[in-house]
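K.L.:
Please read through the structure below; I'll follow up with questions.
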Amino acid sequence: NAHKLNCGQVDNRKYCLEKAIAYFKIAYAVAKTKKDKIYTAGALGMWLVNHKKVRNLDEGIYYLEEVLKLTNLYEPSLCWLAEGYYKQGQYDKAIEFGLNLHQKDKKECDNNGNSFASMPLEVVAKSCRKIGNIFKKNGDYIRAIQYFSKIKELNLSTDNDNKILAKLKESI
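Counting from 1216, one number per residue, gives the positions in the sequence shown under this note's numbering.
Written as structure tokens, this is what we have:
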């Protein structure tokens, strides 16, 4: 299960992550409280979406959607649900979910005085960018403009996004 790195040390990350996932699946199955279910499902989802060595998007999204069913509050692990949708190519779903999650976080943080999580908006921006580039490539400049404009509205546009948006506007 382990393989050698160039430095001669053994890399056990995949093996250890697989073991942790197996144990957390058991912990999730036997969890008695809502808090424990949210924590274990969130950790499972994050590992399965985020870590290349053990990535399983369908399973990760399943666990994160379980978190979503268990709470209507902002839960940091749900940022990985937006990322999971993005990685599956469900860009519109990633945008919608990411914006909703950001609004939920913003509302709760306004009440608690905490800072806002940026990850959902980063997923929204890269999803808008991906869809905008698809429309641009297919010659649908009006729809591409809509997606690149959304990035700009959210103050997440890069210099390159702004150049693309300007060129698209010149093209119509």
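Just so it is clear, CB atoms sit at the ideal spot from N, CA and C, and this is done for glycine as well.
Since the structure is predicted, the reported quantities are computational estimates derived from the model, not experimental observations.
In this structure, how does DSSP classify residue 1408 when only helix, strand and coil are distinguished?
P.N.:
Nothing in the structure corresponds to residue 1408, since the chain is present only between 1216 and 1387.
K.L.:
Can you give me the C-alpha to C-alpha distance between residue 1210 and residue 1263, rounded to a whole angstrom?
P.N.:
Residue 1210 lies beyond the stretch modelled for the chain, which goes from 1216 to 1387, so this question has no answer here.
K.L.:
Provide the residue span of the alpha helix (DSSP H) that contains residue 1264, from first to last.
P.N.:
To locate residue 1264, count along the sequence shown from 1; it is residue 49. Unbroken alpha helix (DSSP H) run through residue 1264: 1249 to 1265.
K.L.:
Just curious, the alpha helix (DSSP H) that residue 1233 is in, first and last residue?
P.N.:
What you label residue 1233 is simply residue 18 of the sequence shown in a count that begins at 1. Residue 1233 -> alpha helix (DSSP H) spans 1228 to 1245.
K.L.:
How many angstroms separate the CA atom of residue 1274 from the CA atom of residue 1322?
P.N.:
Indexing the sequence shown from 1 puts residue 1274 at position 59. Indexing the sequence shown from 1 puts residue 1322 at position 107. Answer to the nearest angstrom: the Cα atoms are 29 Å apart.
K.L.:
For residue 1282 and chain C, any beta-carbon pair shorter than 7 Å?
P.N.:
Chain labels in this structure do not include chain C; a single protein chain is all it has.
K.L.:
Compare the Cα-Cα distances from residue 1276 to each of 1301, 1286, 1238, 1288 and report the closest residue.
P.N.:
If you number the sequence shown from 1, residue 1276 lands on position 61. Comparing Cα positions, the closest option is 1301.
K.L.:
What residues in its chain sit with their C-beta under 8 Å from that of residue 1387, if we drop five residues either side in the sequence?
P.N.:
Along the sequence shown, read from residue 1 onward, the residue named residue 1387 stands at position 172. Counting only Cβ-Cβ distances below 8 Å, and skipping sequence neighbours, we find 1356, 1357, 1360.
K.L.:
With burial defined as no fewer than 16 other Cβ atoms inside 10 Å of the residue's Cβ, what is the status of residue 1259: buried or exposed?
P.N.:
As a first step, residue 1259 must be located in the sequence shown, where it is residue number 44. Burial call: buried.
K.L.:
Look at the alpha carbon of residue 1308 and the alpha carbon of residue 1234, and state the distance between them as a whole number of angstroms.
P.N.:
Residue 1308 sits at position 93 when you count from the first residue of the sequence shown. Residue 1234 sits at position 19 when you count from the first residue of the sequence shown. Roughly 31 Å separates the two Cα atoms.
K.L.:
To which residues of the same chain is residue 1362 closer than 6 Å at the C-beta, ignoring the five residues directly before and after it?
P.N.:
In the sequence shown, the residue the question calls residue 1362 occupies position 147. For residue 1362, where only same-chain residues beyond five positions count, the Cβ hits under 6 Å are 1343, 1346, 1347.
K.L.:
Do residue 1251 and residue 1289 have their C-beta atoms closer together than 7 Å?
P.N.:
As a working mapping, residue 1251 is identified with position 36 in the sequence shown. As a working mapping, residue 1289 is identified with position 74 in the sequence shown. Contact flag unset, no.
K.L.:
Taking the alpha carbon of residue 1266 as the point to measure from, which residue in 1231, 1254, 1377 has its own alpha carbon closest?
P.N.:
Taking the first residue of the sequence shown as 1, we reach residue 1266 at position 51. Of the listed residues, the one whose Cα sits closest to residue 1266 is 1231.
K.L.:
Does the ligand ATP have a heavy atom nearer than 6 Å to the CB of residue 1324?
P.N.:
For the structure depicted, the ligand ATP is absent and the ligand set is empty, with no information on it obtainable.
K.L.:
Excluding five sequence neighbours on each side, which residues of the same chain lie with their C-beta closer than 6 Å to the C-beta of residue 1313?
P.N.:
Position 98 of the sequence shown, counted from the first residue, corresponds to residue 1313. Cβ within range, chain order: 1297, 1335, 1338, 1339.
K.L.:
Alpha carbon to alpha carbon, how far is residue 1381 from residue 1367?
P.N.:
Here residue 1381 refers to the residue found at position 166 of the sequence shown. Here residue 1367 refers to the residue found at position 152 of the sequence shown. Going by the C-alpha atoms only, they are around 11 Å apart.
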